[in-house]
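The opening position of the sequence shown corresponds to residue 5 in our numbering, with each subsequent residue numbered one higher. Cβ atoms here follow ideal geometry from the backbone N, Cα and C, with glycine treated the same way.
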Amino acid sequence: MEEGESEDVLAVMSKLQSVLRRGVERYLTCKTVLLPRATLLKAGRDVVRLCSERPGGLRGALVDLYLTDTDHHSCMRLAQVVADPRMDPKTLIKVTLHRDPSCSDPSVLSLLSGYTMERSTCRPT
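Right, here's the structure in full:
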């Protein structure tokens, strides 16, 4: 375990990394994904923080992972994480990763260290 990080943060970080990899394999032709580990760790902390005061907490969260292209005009959803499939989601968190425009190798998805995160309330279905 990384020093000072909660189990929830590390679990979210690991899940984001896993779904990012699967989303890239499914929707893109890249062979390599470059994303700083510190970015995933910070995103994990932010997801946990944004859920902490919401109904259902982390277990009631639905996280959508998006990727913007270098022009920032196109955005595609790579994956969706349901924290606890036995619960109706109460909080929707949209995490948008940004492609690094300086990377010209089409086999590499290089992501910037920053991201955009939005929180909203899930609407009942």
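Using DSSP with H/G/I as helix, E/B as strand and the rest coil, what is residue i?
| i | result |
| --- | --- |
| T33 | coil |
| E11 | helix |
| M5 | Only weak support is given to the placement of M5: the predicted model assigns it a pLDDT of 47, under 50, and the value that follows is read from those uncertain coordinates. If DSSP states are grouped into helix, strand and coil, M5 belongs with coil. |
Among all the DSSP beta bridges, which residues are the ones paired with residue i?
| i | result |
| --- | --- |
| L38 | S114 |
Would you decide whether residue i is buried or exposed? Buried here means 16 or more other CB atoms lie within 10 Å of its CB.
| i | result |
| --- | --- |
| A87 | buried |
| C55 | buried |
| M80 | exposed |
| V112 | exposed |
| T130 | An answer regarding residue 130 cannot be provided, because it is not within the stretch 5 to 129 covered by the chain. |
| P93 | buried |
| G27 | buried |
| Y119 | buried |
| G48 | buried |
| L38 | exposed |
3-residue-minimum beta strand (DSSP E) runs that sit fully inside the segment 52 to 127, ordered along the chain
Entirely contained in the segment 52 to 127, the beta strand (DSSP E) runs reaching 3 residues are, in chain order, 65 to 72, 79 to 86, 95 to 103 and 112 to 125.
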